[in-house]
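J.: In terms of full-length UniProt numbering, the sequence shown opens at residue 1 and continues consecutively. Where is the CB? At the ideal position from N, CA and C, for every residue including glycine. I am attaching a structure below and will ask some questions about it afterwards.
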Amino acid sequence: MKGRGVILFPMPFQGHISPMLQLANILHEKGFSISIIHTRFNSPNTANYPHFRFYPIPDGVSENYVISSDPVRILDFLKSLNSNCQTPFRDCLTELITTTSEDEDPIACLVTDVLWYSTQAVADDLKLPRVVLRTTNVSSFLALVTMPSLFQKGYLPLQDSEAENEVPELPQFRFKDISLFKDPGSFLEFIDAVVRETKASSGIIYNSCEDLEGEFLTKNSNYFPIPVFLIGPFHKCFPASSSSLLPHDKTCISWLDKQQPKSVIYVSFGSVAAIQETEFLEVAWGLANSKQPFLWVVRPGLVQGSKWRELLPNGFLEMVGERGHIVKWAPQQEVLLHPSTGAFWTHCGWNSTLESLCEGVPMICQPSFGDQMTDARFISHVWRVGIHLESKIERGEIEKAIRRLMVEPEGQEMRNRIKLLKQKMNLSLKPGGSSYKSLNNLVSHILSLQSSK
Ligand code: UDP
1 MKGRGVILFP MPFQGHISPM LQLANILHEK GFSISIIHTR FNSPNTANYP
51 HFRFYPIPDG VSENYVISSD PVRILDFLKS LNSNCQTPFR DCLTELITTT
101 SEDEDPIACL VTDVLWYSTQ AVADDLKLPR VVLRTTNVSS FLALVTMPSL
151 FQKGYLPLQD SEAENEVPEL PQFRFKDISL FKDPGSFLEF IDAVVRETKA
201 SSGIIYNSCE DLEGEFLTKN SNYFPIPVFL IGPFHKCFPA SSSSLLPHDK
251 TCISWLDKQQ PKSVIYVSFG SVAAIQETEF LEVAWGLANS KQPFLWVVRP
301 GLVQGSKWRE LLPNGFLEMV GERGHIVKWA PQQEVLLHPS TGAFWTHCGW
351 NSTLESLCEG VPMICQPSFG DQMTDARFIS HVWRVGIHLE SKIERGEIEK
401 AIRRLMVEPE GQEMRNRIKL LKQKMNLSLK PGGSSYKSLN NLVSHILSLQ
451 SSK
């Protein structure tokens, strides 16, 4: 089969690795042979993918490095990955291209995370088309790339008087939803590189679907005049479980089996977000006081430096007894699919948001940074399928939000609305659906890239 090799390069964060590997599986099912170049840091579990070839490269990250939840430190990390990996990536890619044997599929294109901006120059030098994957949605990417002009116009850095006002370019958001950094310095430089190298690429893939955010396509094309493909939600084609960097605690499922239908509040803040010790205690008391059964993911490091749940108040576990179940890491997709799960208290990472939307589980939103802020705005004010906890984390507020969602008519209305979204999204993947068509367009596009090389 000619022209059917694709090389993918994920950014080494849980929320970026999963969609890239899901995309790899989707392309593999369409007949492409798959090679994955990856950093040694947060290396994917290669044993789960015997049908792919894996090529680790050095990344300069120290062995015990823990990803910070501070946006400034994340930005520094992303920049150092881009500079540390550029040469190893070039060497690996050159080797792959030059050693492709007669009986192997020639390489049609490279797919990298949009944040690997330093790979465009390598792709150009090697005359290999690069398509980018944006692992979040279109609206949050547009919010990110709009920020430099908001700094220029003086709207940012955020002033208190402007915080609640609509962003003129993206009226779905308020300034406070998109204000990531106080000091634009190194951030603007980073965004500039991402935008420039995305414009130079051969197309953008989003893990989203037109039924969810078709309204942003024109704006996206104005910004990025290159082909765009909304082919999500990926996890409905290939589950996220095989790409999990942490082991899943399956006791969640047997515990859920014992609970009443739609009675459980599932709580998880993803793989990076962290909270203060005082906030952790408020979460614990809020859950206890709600009288609702809860399944809580307390990731080691959720409170900086914590090993697991040692910060819980004395007697807490005995007091909640069987009504609460705490784990280090849950099989989230299975949890959201389970009939006992009634709501998801989430940090609004895009994967978590999509997984919840697709299973029709309404949300309590507690975003920390980045696209989580814009996702929370969409969940609570555009799709109206969740409650945004905007004030500080406090047990009384938590109890109130859980009641509104689990007990009051407002919660039922959200459940009705999310059911419709769920149907729409699942239909988009079926023959005739928007993501189904977009995927076929992507396949033709990749093959055309090969023939035009
Ligand atoms: N996840 C999981 N178990 C957990 C919490 C999260 O498997 O206990 C998975 C979840 O299903 C999702 C990913 O981790 O696919 C988190 O990605 P997301 O974009 O939501 O957030 P991030 O971790 O990148 O902040």
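Helix, strand or coil for I326 per DSSP?
T.: The residue you call residue 326 lines up with position 326 of the sequence shown. DSSP places I326 in strand when its eight states are reduced to three.
J.: So the alpha helix (DSSP H) G286 belongs to, where does it begin and stop?
T.: Start at 1 with the first residue of the sequence shown, and residue 286 comes out as number 286. Unbroken alpha helix (DSSP H) run through G286: E277 to S290.
J.: Taking the straight line between their C-alpha atoms, what separation do you get for F181 and Q259?
T.: Locating residue 181 in the sequence shown gives position 181, where the first residue counts as 1. Locating residue 259 in the sequence shown gives position 259, where the first residue counts as 1. Approximately 43 angstroms between the Cα atoms of the pair.
J.: Taking 6 angstroms as the cut-off, is the beta-carbon of G360 closer than that to any non-hydrogen atom of the ligand UDP?
T.: By one-based count along the sequence shown, residue 360 stands at place 360. Checking every heavy atom of the ligand UDP against the Cβ of G360, none is found closer than 6 angstroms.
J.: By the three-class DSSP mapping on this structure, what secondary structure does D113 have?
T.: Your numbering for residue 113 matches position 113 in the sequence shown. The answer is strand: DSSP assigns D113 an E or B state.
J.: Using DSSP with H/G/I as helix, E/B as strand and the rest coil, what is H38?
T.: As a working note, residue 38 is residue 38 in the sequence shown. H38: strand per DSSP, three-state reduction.
J.: Where S118 and E359 are concerned, what is the direct C-alpha to C-alpha distance, given to the nearest angstrom?
T.: Translated into the one-based positions of the sequence shown, residue 118 becomes position 118. Translated into the one-based positions of the sequence shown, residue 359 becomes position 359. Looking at the two C-alpha atoms, the distance is approximately 37 angstroms.
J.: Please confirm whether V264 and S340 have their CB atoms less than 7 angstroms apart.
T.: As a first step, residue 264 must be located in the sequence shown, where it is residue number 264. As a first step, residue 340 must be located in the sequence shown, where it is residue number 340. Contact flag set, yes.
J.: Tell me, please, which residues DSSP counts as bridged to I107.
T.: Position 107 of the sequence shown holds residue 107. Answer by DSSP bridge pairing, in chain order: G5.
J.: Could you check how far apart the C-beta atoms of A200 and N351 are, in whole angstroms? I think they sit under 8 angstroms.
T.: Translated into positions along the sequence shown, residue 200 becomes position 200. Translated into positions along the sequence shown, residue 351 becomes position 351. With a Cβ gap of about 27 angstroms, A200 and N351 do not count as contacting.
J.: Just confirm the distance between the C-beta atoms of V6 and I446, as a whole number of angstroms; I'd bet it's less than 8 angstroms.
T.: Counted from its first residue, the sequence shown places residue 6 at position 6. Counted from its first residue, the sequence shown places residue 446 at position 446. Right, their Cβ atoms sit about 7 angstroms apart.
J.: Looking at the ligand UDP, does it come within less than 6 angstroms of W255, judged from the CB to the closest heavy atom?
T.: For the purposes of this step, residue 255 is taken as the residue at position 255 of the sequence shown. Answer for W255: no, Cβ out of range of the ligand UDP.
J.: Quick one: measure Cβ to Cβ for L442 and I205, integer angstroms, because I've assumed they're closer than 8 angstroms.
T.: Within the sequence shown, numbered from 1, the residue matching residue 442 stands at position 442. Within the sequence shown, numbered from 1, the residue matching residue 205 stands at position 205. Indeed, because the Cβ distance is near 7 angstroms, the residues count as touching under 8 angstroms.
J.: If you reduce the DSSP assignment to three classes, tell me which class C92 lands in.
T.: For the purposes of this step, residue 92 is taken as residue 92 along the sequence shown, with counting starting at 1. If DSSP states are grouped into helix, strand and coil, C92 belongs with the helices.
J.: Along the beta strand (DSSP E) that carries G31, what are the first and last residues, could you check?
T.: For the purposes of this step, residue 31 is taken as residue 31 along the sequence shown, with counting starting at 1. First-last for G31: undefined, no H or E at that position.
J.: If you draw a straight line from the C-alpha of Q333 to the C-alpha of E355, how long is it?
T.: Stepping through the sequence shown from its first residue, residue 333 is reached at position 333. Stepping through the sequence shown from its first residue, residue 355 is reached at position 355. The alpha-carbon atoms of Q333 and E355 are separated by roughly 7 angstroms.
J.: Determine whether the beta carbon atoms of R40 and P56 lie at a separation below 7 angstroms.
T.: Taking the first residue of the sequence shown as 1, we reach residue 40 at position 40. Taking the first residue of the sequence shown as 1, we reach residue 56 at position 56. Yes, they are a contact pair.
J.: Excluding the five sequence neighbours on either side, which residues of its own chain have a C-beta within less than 7 angstroms of the C-beta of E169, listed in chain order?
T.: In the sequence shown, counting from the first residue as 1, residue 169 sits at position 169. So the list reads T146, once near-sequence residues are dropped.
J.: Relative to the C-alpha of P44, which residue among N289, V385 and S242 is closest?
T.: Reading the sequence shown from its first residue, position 44 is the one you call residue 44. P44 has its Cα closest to that of S242, out of N289, V385 and S242.
J.: Where does T198 fall in DSSP's three states?
T.: Taking the sequence shown and counting its residues from 1, one reaches residue 198 at position 198. Of the three classes helix, strand and coil, the one that applies to T198 here is helix, per DSSP.
J.: CB of G232 to nearest heavy atom of the ligand UDP: below 6 angstroms?
T.: One-based indexing of the sequence shown puts residue 232 at position 232. Outside the cutoff, so no.
J.: State buried or exposed for Y65, treating a residue as buried only when at least 16 other CB atoms are found within 10 Å of its CB.
T.: Within the sequence shown, the letter at position 65 stands for residue 65. It counts as exposed.
J.: Quick one: Cα of I226 to Cα of F280, how far?
T.: As a position in the sequence shown, residue 226 is number 226, starting the count at 1. As a position in the sequence shown, residue 280 is number 280, starting the count at 1. I226 and F280: Cα-Cα distance of roughly 44 angstroms.
J.: Identify which residue in D105, L93, G315 and S80 has its Cα closest to the Cα of L115.
T.: Translated into positions along the sequence shown, residue 115 becomes position 115. Per the Cα distances, S80.
J.: Say yes only if the C-beta of A274 is nearer than 6 angstroms to one or more non-hydrogen atoms of the ligand UDP, and no if none qualify.
T.: Within the sequence shown, residue 274 is the residue found at index 274, counting from 1. Not so, every heavy atom of the ligand UDP lies at least 6 angstroms from the Cβ.
J.: Between L78 and the rest of its own chain, which residues show a CB-CB distance below 8 angstroms, the 5 nearest in sequence each way excluded?
T.: For the purposes of this step, residue 78 is identified with residue 78 of the sequence shown, where counting begins at 1. Cβ neighbours of L78 beyond the five flanking positions: M11, L115 and F190.
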